[in-house]
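Data first, discussion second: the structure below is written as structure tokens.
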Ligand code: HAX
């Protein structure tokens with residue numbers, strides 16, 4: 001049976017002529033134009049990146065290799081007795097575009113298991129952090145510290161043909177991904193469990209082993225699988241994906257690139273929102289008099305308006321691309337309705353789902369008033385006992401690493417070059433707009 005790497009190699013060979021043809025024969029075809037608002041406004045909506053791993057439709061949400069989230073969850077193989085698919089099967093899909101069969105998945109499970117041992121010095125790096133360090137800082141540093149392990153860097157320094165770059169990147173990616181659950185749970189144990197860690201179990205799959213090392217029973221293994229799968233990729237333009245891609249484009253290895261992507265994810269407008277949602281929710285719960293009190297919609301509305309009127313955003317709502325309820329939110333909501341519908345915090349989330357969108361519409365600023373993935377994910381973690389919400393973005397980071405590593409391997413395989421967009425000065429923009437710095441039309445000047 002061909003291994004994942006064999007299959008990937010076939011796919012790369014098949015794909016390369018398509019990219020070469022587009023550059024060579026159709027390189028001058030225009031795909032977009034850029035406005036001044038886009039140049040100043042974070043390049044929102046500018047079509048200038050390529051990825052085949054996932055595509056984000058504003059109304060439909062994410063598709064992984066052409067499959068919607070419900071299709072992905074339906075088609076991917078699951079561990080015996082599990083409700084959610086193997087994380088390893090998702091990785092296979094992202095990397096090759098194919099739904100793996102059981103033996104192909106088992107092969108990836110074995111690969112991850114073989115590569116899961118974390119070098120001793122990484123534990124020392126984690127242990128050397130002062131108390132109260134944010135887990136994302138520790139996570140990023142632990143990953144960065146493994147730069148010395150990079151197979152790509154060794155091969156590059158020894159001299160390697162460009163067309164083979166993808167191969168050591170694949171090896172590095174698997175080596176890193178396999179270790180992330182262990183690194184993350186060690187950070188969790190150090191920060192919140194007096195260093196009492198649970199050793200990994202090589203007989204479990206990625207999600208199952210993560211739940212085991214967190215010390216949480218079923219269905220937390222399915223929660224972990226669901227969480228890592230829905231957070232894995234969201235096309236290339238989001239901050240974490242773009243950061244990982246950008247850093248890798250200078251031929252930085254996977255450790256440098258994934259550490260950088262983790263830093264991008266750690267911002268409150270991006271991955272840290274899952275933590276912010278829980279902080280904000282608990283302020284609301286406290287205000288209402290504790291977990292046993294169910295607030296009225298009127299009370300929640302007042303709290304939402306107060307947040308907005310104090311110049312803050314409502315965490316977990318809005319999106320730079322999506323214009324509908326995030327299917328990642330919907331999927332977690334479905335899980336919550338069947339597993340934790342009586343949870344107090346879930347009831348709050350349910351009320352917010354009704355109350356927030358009309359308020360954001362009335363305020364008239366947010367282009368998307370609907371909830372995103374982060375509005376729901378922390379509440380599930382809280383329910384199963386992961387109550388240290390600083391840790392939530394680390395969970396997001398493990399999932400996101402699956403998509404970013406895949407993107408980086410393919411970028412190397414297709415020879416994507418150093419990324420280098422062009423910037424302009426404000427005066428240049430004014431000149432293009434036909435005005436001077438005071439807003440006078442240049443044509444009006446004598
Ligand atoms: N609450 C209040 N105001 C909001 C808002 C929200 N949830 N979402 C957008 N707005 C505001 C923006 O702050 C902006 O205001 P200004 O004009 O005063 O600057 C205006 O509406 C227009 O913004 P937008 O075009 O709709 O949204 P952006 O593309 O600029 O930003 C964000 C997208 C996700 C950053 C934004 O919706 C937001 O801040 N949401 C809350 C934080 C959050 O949930 N982040 C996680 C998003 C999902 C994700 O990436 N997870 O990792």
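Numbering (the numbering used here), first residue to last: 1 to 446. Glycine residues also receive a C-beta, built at the ideal position from the N, C-alpha and C atoms.
- prompt: Does the distance from the C-beta atom of residue 278 to that of residue 186 stay below 8 Å?
  reply: Cβ atoms of residue 278 and residue 186: not closer than 8 Å.
- prompt: If you measure from the CB of residue 374, is any heavy atom of ligand 1 nearer than 7 Å?
  reply: Yes, Cβ of residue 374 sits closer than 7 Å to a heavy atom of ligand 1.
- prompt: When DSSP labels each residue in this structure, what does residue 216 get in the three-state scheme?
  reply: Residue 216: coil per DSSP, three-state reduction.
- request: Measure the C-alpha to C-alpha separation of residue 174 and residue 115 and round it to an integer number of angstroms.
  value: Cα-Cα distance, rounded: 7 Å.
query: Does any heavy atom of ligand 1 sit closer than 7 Å to the C-beta of residue 40?
result: A distance criterion of 7 Å places the beta-carbon of residue 40 beyond contact range of ligand 1, judged by its closest non-hydrogen atom.
- prompt: Roughly how many angstroms lie between the CA atoms of residue 416 and residue 50, to the nearest whole one?
  reply: Rounded to whole angstroms, the gap between the alpha carbons of residue 416 and residue 50 is 9 Å.
field: Inter-residue spacing [alpha-carbon to alpha-carbon] between residue 183 and residue 125
entry: Answer to the nearest angstrom: the Cα atoms are 11 Å apart.
message: Alpha carbons only, please: which of 348, 243 and 308 is nearest the one belonging to residue 293?
response: Answer by Cα proximity: 348.
- request: Spatial neighbours of residue 373 within its chain, please: CB distance less than 6 Å, with the 5 preceding and 5 following residues excluded, ordered by chain position.
  value: 326, 328 and 329.
message: Counting C-beta neighbours from all protein chains within 10 Å, is the total for residue 424 16 or more, i.e. buried, or is it exposed?
response: Flag for residue 424 reads exposed.
Reduced DSSP secondary structure (H/G/I, E/B, other) of residue 188: Of the three classes helix, strand and coil, the one that applies to residue 188 here is helix, per DSSP.
field: Where residue 51 falls: helix, strand or coil (DSSP)
entry: Assigned with DSSP and collapsed to three states, residue 51 falls in coil, not helix or strand.
- request: Report yes or no: do the region 46–62 and the region 225–239 share at least 3 C-beta pairs separated by less than 8 Å?
  value: Short answer: they touch.
message: Let me see if you follow: with CB-CB separation under 8 Å, is residue 359 close to chain C or not?
response: You won't find chain C in this structure, because it holds only one protein chain.
task: Check whether the Cβ of residue 210 sits closer than 7 Å to any heavy atom of ligand 1, and report yes or no.
output: In this structure, ligand 1 has no non-hydrogen atom nearer than 7 Å to the beta-carbon of residue 210.
message: Taking the beta carbon of residue 332 as the centre, do at least 16 other beta carbons fall within 10 Å, making it buried, or is it exposed?
response: By the Cβ neighbour-count rule, residue 332 is buried, with 16 or more other Cβ atoms within 10 Å of its own.
message: Suppose contacts are defined by Cβ-Cβ distances below 8 Å. Is residue 202 in contact with residue 113 by that definition?
response: Here residue 202 is near residue 113, since their CB atoms are less than 8 Å apart.
- prompt: Since residue 3 and residue 176 are thought to touch, with beta carbons under 8 Å apart, how far apart are those beta carbons, to the nearest angstrom?
  reply: So it is not a contact: roughly 18 Å between Cβ atoms.
task: Could you name the residues of the same chain whose beta carbon sits closer than 7 Å to that of residue 108, not counting the 5 residues immediately before and after it, in chain order?
output: Excluding sequence neighbours, residue 108 sits near 4, 88, 91 and 92.
message: Considering only heavy atoms of ligand 1, does any lie closer than 7 Å to the CB of residue 244?
response: Flag unset: Cβ of residue 244 not near ligand 1.
message: Residues in the same chain with beta-carbon distance under 7 Å from residue 204, minus the five sequence neighbours each way, listed in chain order, please.
response: Setting aside the 5 residues that flank it on each side, residue 204 is surrounded in the same chain by 212, each with a C-beta closer than 7 Å to its C-beta; the list follows chain order.
message: Does the region 94–106 come into contact with the region 394–410, if we say contact requires no fewer than three beta-carbon pairs (one atom in each stretch) closer than 8 Å?
response: Contact check between the region 94–106 and the region 394–410: three or more CB pairs, one atom from each, fall below 8 Å, which counts as touching.
- prompt: Can we count residue 269 as close to ligand 1, meaning its CB is less than 7 Å from some heavy atom?
  reply: It does: the Cβ of residue 269 is within 7 Å (strictly closer) of some heavy atom of ligand 1.
message: What residue range does the beta strand (DSSP E) around residue 64 cover?
response: Looking at the DSSP string, the run of the beta strand (DSSP E) that includes residue 64 is 61–64.
6 Å CB neighbourhood of residue 84 in its chain, flanking five on each side removed: If we look at residue 84 and ignore the five residues flanking it on each side, its Cβ neighbours are 222, 225 and 226.
task: Would you tell me roughly how many angstroms separate the C-alpha atoms of residue 144 and residue 119, rounded to the nearest one?
output: If I take the Cα positions, the gap works out to 13 Å.
query: Run through DSSP, which three-state label would residue 221 get?
result: Helix, per DSSP.
message: Just to confirm the assignment, what range does the alpha helix (DSSP H) spanning residue 433 have?
response: Per DSSP, residue 433 belongs to the alpha helix (DSSP H) from 426–433.
query: Just to confirm, does residue 59 get its C-beta within under 7 Å of one of the non-hydrogen atoms of ligand 1?
result: It does not: the Cβ of residue 59 is nowhere closer than 7 Å to a heavy atom of ligand 1.
message: Judging by CA-CA distance, which residue of 34, 43, 1 and 46 is the nearest neighbour of residue 433?
response: It is 34.
field: Which listed residue (41, 12, 20 and 76) has its alpha carbon closest to that of residue 104
entry: Measuring from the Cα of residue 104, the nearest candidate turns out to be 76.
task: Might you give, ordered along the chain, the residues of its own chain that have their beta carbon closer than 7 Å to the beta carbon of residue 134, omitting 5 neighbours on each side?
output: Cβ neighbours of residue 134 beyond the five flanking positions: 390.
query: Would residue 305 be called buried (16 or more neighbouring beta carbons within 10 Å of its own) or exposed?
result: Counting C-beta atoms within 10 angstroms of its own C-beta, residue 305 has fewer than 16 neighbours from the protein chains shown and is therefore classed as exposed.
field: When 340, 365, 303 and 55 are compared against residue 377, the one with the closest alpha-carbon
entry: Comparing Cα-Cα distances from residue 377 to each of 340, 365, 303 and 55, the minimum goes to 340.
- request: Within the same chain, show all residues whose beta-carbon is closer than 6 Å to that of residue 210, passing over the 5 residues directly before and after it, in chain order.
  value: Result list for residue 210: 181 and 224, in chain order.
query: Roughly how many angstroms lie between the CA atoms of residue 288 and residue 302, to the nearest whole one?
result: Using only the alpha carbons, I get a separation of about 12 Å.
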